[in-house]
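The block underneath contains the structure these notes are about, expressed in structure tokens.
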Amino acid sequence: MSGPVGGAAFERLGAERWHFQHGPIDLIIDVEGDAEASQRGIAACWDEFQGVLPGLVRELPTLRCAVDDRTTPRGPVARRMLRACRAFADERFITSMAAVAGAVSDHLITQFDQPGIQRACINNGGDIALFLAPGANFRVGICSHPERAGATPSGRVPLSGAFTIDRYAPVRGIATSGWRGRSFSLGVADSVTVLAADAATADAAATLIGNAVNCLHSGIVRAPADQLKDDTDLGSRLVTVDVPRLPTSAVDAAVVAGRVEAELWRDRGLIFGAAIALQGRMEVVMPVSNPALVHRAAA
Amino acid sequence: MNEHSTGHTRVDHVAEDMDPTLSLTAGPTVLQRAVPERSTTNKVRCDACPVLCNISEGRTGACDRWGNVNGLLTRIDPMVMSRHPVPDEEASVFLTGVGSGTTYPDYKPAPFIVSSRHDGVDIVTVVTEGIFSYCSFKLKIDTDRFLGPEQASIRFDGEIVGHVTTAEYGSQMLSIGGVHHLTGGSKKEGRATCELMAALGNKQAVDLAIDGGSTLVVQSGAPPIVNGERETRMRVGCGSATIGIFAKQWLGLLDEVVVVDDHITGVLTEHQAGKYLDIRPSGIDLKGRRSTPGRYFKVANPGTGWGGTDIEDPLSIIAGFDDEVSWPGLRLLMVSTTGEHSGYFVLDEHLVPQPREMPSEVRQVVTLIAENCEPALTTVLFVAGAGGSLRAGATRSPIGLTQAIKNSRVNVTCGGAAAYVWPGGGITVMVDVARMPDRSFGTVPTPAVVAPIEFTMRLSDFEMLGGHMESVQPLQTVWDQHRSRIVSVDTTNPWPIRHTALLG
């Protein structure tokens, strides 16, 4: 029988790949390890997943407000959202919703920290949480122009950059934000990819850095968020609707502004690094001591 | 149109009053993010998921899958492919009509004519979303409560959208929609009918009101709610049948049992089952019209009280006790056909029944009645005629397709769910919406209902009946070139490409 109306859905996409979906949440989950452990992990993850959206909806009005000291959400995902956003809230306008996708990934990835599982990855629309057992690593690529997929001779997705994360890199969260994405951006970046200790923090930071990658150019089309979408947490703030081909000076200005923002959060220890892509320019903000991107021998 | 056969809220049509025919399920192009629109108050509430967005016209909800197009909640969604757990990867995927779109004019090939291999045989599936004016829903509502007199009008949003039809054993049947309500009445009636039909097909809960009867909340696969009360159980049988089933278990515990039922109320000591067990006559005098011994019609009026009657006090259906036959101390059980209502009484010295606490042995029998009842559900069956011009999307020779279905050479499915094909002329299909993928139905402003339909056959048969061979494309191509979403099939459905149509 079909599930109840509006219920969560899952689908096995391959031997080690699953798709969970509920309302606006779409997760692609990869699990590698021995079959029994993976199966247990997926089952536990599915049990937990079904409560995630109803739990968030209960607290939605609170989560859509600007973060302040009085905000006290109850649910486990909502608490992760708040914890991630509070670090940025003194200096920037931010609502807990900036970390919702990453927080969902973080909450569910904990189900895979089990003996027998080699590595797992939950990709929530570009906001990714990782689990790595000793000896495992992830090779992560950045694609800032998904529409060009299939344009390369091999038919593969063209990558703008790639790096490796192993168990000893202090990175378990990767998030990408851009004006073409599902969430609104105030900036013009094709993509801002952030590495952080968890996906919720990476998600919030990518949103803020994406907003900062900005410049004044008459061709950029902006519109108040609340005229594009109902119930947006951004109110009447102008969000980016279209970005024309920008002159080099505008690209430079936007990328520099984004770098300044990324370096601020890196120096505070909130993120490890970031990569900003804008119309062919790729700006990488390296970790201070470069711990995330240097491959170390297993201890 | 026969004005006497169907109630309508009628207005005169003028040409400019008609809506243009326009498919709303065509694709995502209607909602361009690059076109900011002014906020309007014409919002629709989306209940596709717990977020429950209120979406303004021209915008999408939080998921970007659903949007408000001209004031109607519309799927902005990829096509649906259903997957079946078999090892052969290609044979495991079936492209459904959900989200496939339609073609106009009809003679153009259907949106997708796909081929796949199954057991070494080339199989073709013609996939389309049909725009159905001639279609309706038959609702089977498991309840004994009085919903309304037969032929009474059913209203949704104040408009007449269908009628009460026959009562079946333990269930009341309703007919909803149909061409006379969609296009035969006022514009508002058509719109209300169309909206209701899409909601029912998409397994949503809807509020109905029956003239001279009850208000109802019905939803595919869910218990019906009658006058605000959720129905939980379907009766074990009519009052007489209940006595036939349980008489032996009451022996020795009780002197008289009355099973209250709106249809046939049973009296144990007069019933053949009681006579057979040599149970002493109790002298009870029941109101209503005696049919055969121990079986009474019309002991009360229909309602939502005991056993589908309007009674709240069970003693109100007893006219009295015969002082020559009855005796003080007589133990009387009154119970409804679902065991939901029950009362235990003992006659005093004046032969007046007095309520007493029910002995535990009697309580067990009442519980047994309840345990033998099935859960009450609403079943929603979609009935549609696919015999018209829709066939031209598959073949140049429409009668060939009709005949091939009747000859078991072509399977017909709706969203991958097995469809029963009615005997006789045309392609009249019937399918349980519970077996179809969620959100399979849409609407067009005609008004008419959009539903998926697929015809599956061998490639050689497709060619023989004049199919659009030039439009056949491999499943892999459709898979690669179109946005699609995969759903797990209801495993009780026979897999479409392995079966022929369920012929009547």
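The listed protein sequences derive, respectively, from chains U and V.
Positions 3 to 301 (this note's numbering) are the ones given, in order, by the first sequence.
Positions 625 to 1128 (this note's numbering) are the ones given, in order, by the second sequence.
Built from N, CA and C at the ideal position, the CB exists for glycine as well.
Asked	Found
Any C-beta of chain U under 9 Å from that of Ala686 of chain V	yes
Residues near Leu878 of chain V in its chain [Cβ-Cβ closer than 8 Å; skip 5 each side]	Leu892, Arg955, Leu956, Leu957 and Val986
Own chain partners of Ala39 of chain U with C-beta closer than 8 Å, once the 5 adjacent residues on each side are dropped	Gln116, Pro117, Gly118 and Ile119
Proximal residues to Ala816 of chain V (C-beta, below 8 Å), its chain only, five neighbours per side dropped	Phe780, Asp781, Gly782, Glu783 and Val785
Helix, strand or coil at Gln896 of chain V according to DSSP, with G and I counted as helix	helix
Contacts that Pro63 of chain U makes with chain V (C-beta to C-beta distance below 9 Å)	Simply none; closest approach about 12 Å.
Beta-carbon gap between Leu771 of chain V and Gly837 of chain V smaller than 9 Å	yes
Arg184 of chain U: contacting residues in chain V (beta-carbon distance under 8 Å)	Asp688
Helix, strand or coil at His787 of chain V according to DSSP, with G and I counted as helix	strand
DSSP bridge partner residues for Pro226 of chain U (one or two, in chain order)	U:Leu240
Any 3 or more C-beta pairs closer than 8 Å across the region 193-206 of chain U and the region 248-257 of chain U	no
Own chain, CB closer than 6 Å to Gly852 of chain V, minus 5 neighbours either side, in chain order	none
C-alpha distance - Gly237 of chain U paired with Thr97 of chain U, whole-angstrom precision	11 Å
Within the region 860-907 of chain V, ranges of the beta strand (DSSP E) (whole runs, at least 3 residues)	880-884 and 889-891
Local conformation of Ala17 of chain U per DSSP, three classes	coil
Endpoints, the beta strand (DSSP E) within which Ile144 of chain U is located	Asn139 to Ile144
Contact list for Val675 of chain V against chain U, beta-carbon separation under 8 Å	Gly25, Pro26, Leu55, Val59 and Leu62
Per DSSP, the bridge partner or partners of Ala10 of chain U	According to DSSP, which records beta bridges pairwise, Ala10 of chain U is partnered with nothing at all.
C-alpha gap between Gly825 of chain V and Ala1042 of chain V, whole angstroms	15 Å
Endpoints, alpha helix (DSSP H) assigned at Gln1027 of chain V	Pro1022 to Lys1030
Proximity below 9 Å, CB of Thr2 of chain U to CB of Ala276 of chain U	Only positions 3 to 301 of chain U appear in this structure, which leaves residue 2 of chain U out of reach.
Range covered by the alpha helix (DSSP H) that runs through Asn216 of chain U	Here Asn216 of chain U belongs to no alpha helix (DSSP H), and DSSP marks it neither H nor E.
Burial state of Phe1006 of chain V, where buried means 16 or more other Cβ atoms lie within 10 Å	buried
Val990 of chain V versus Val860 of chain V - alpha carbon distance	12 Å
DSSP three-state assignment for Thr649 of chain V, whether helix, strand or coil	Confidence is the limiting factor: at Thr649 of chain V the pLDDT is only 28, short of 50, which leaves the residue's position unreliable, though a coordinate-based value still follows. Three-state result, Thr649 of chain V: coil.
Own chain residues within Cβ distance below 6 Å of Gln52 of chain U, not counting five before or after	Ala10
Validate contact between the region 1073-1089 of chain V and the region 1018-1036 of chain V using beta carbons, cut 8 Å, 3 pairs	yes
C-beta atoms of Leu2 of chain U and Ala256 of chain U nearer than 9 Å	For chain U, the structure presents residues 3 to 301; residue 2 of chain U sits outside this window and is missing.
Trp181 of chain U versus U:Ala214, U:Tyr170 and U:Ala171, residue with shortest Cα-Cα distance	U:Ala214
Cross-chain neighbours of Thr678 of chain V in chain U, by beta carbon under 8 Å	Per the sequence presented here, residue 678 of chain V reads as Asn, with Thr not at that position. Near Asn678 of chain V (Cβ distances below 8 Å), the residues of chain U are Asp232 and Asp233.
Whole-angstrom distance between Arg88 of chain U and Thr112 of chain U, CA atom to CA atom	22 Å
Rounded separation between Asp636 of chain V and Ser810 of chain V - CA only	At Asp636 of chain V, the pLDDT of 31 sits below 50, so the modelled position is not reliable; the number obtained from the coordinates is stated separately. Computed Cα separation, rounded: 8 Å.
Nonlocal neighbours in the same chain, by C-beta distance under 6 Å from Asp946 of chain V, ignoring five residues either side	Gly907
Nearest candidate by alpha-carbon position, reference Asn925 of chain V, set V:Asp1085, V:Ile935, V:Thr916 and V:Gly918	V:Ile935
Contacting residues, own chain, Cβ-Cβ under 8 Å from Asp28 of chain U (five flanking each side not counted)	His21, Phe22, Asn126 and Gly127
Those residues which DSSP pairs with Phe22 of chain U across a bridge	U:Phe12 and U:Leu29
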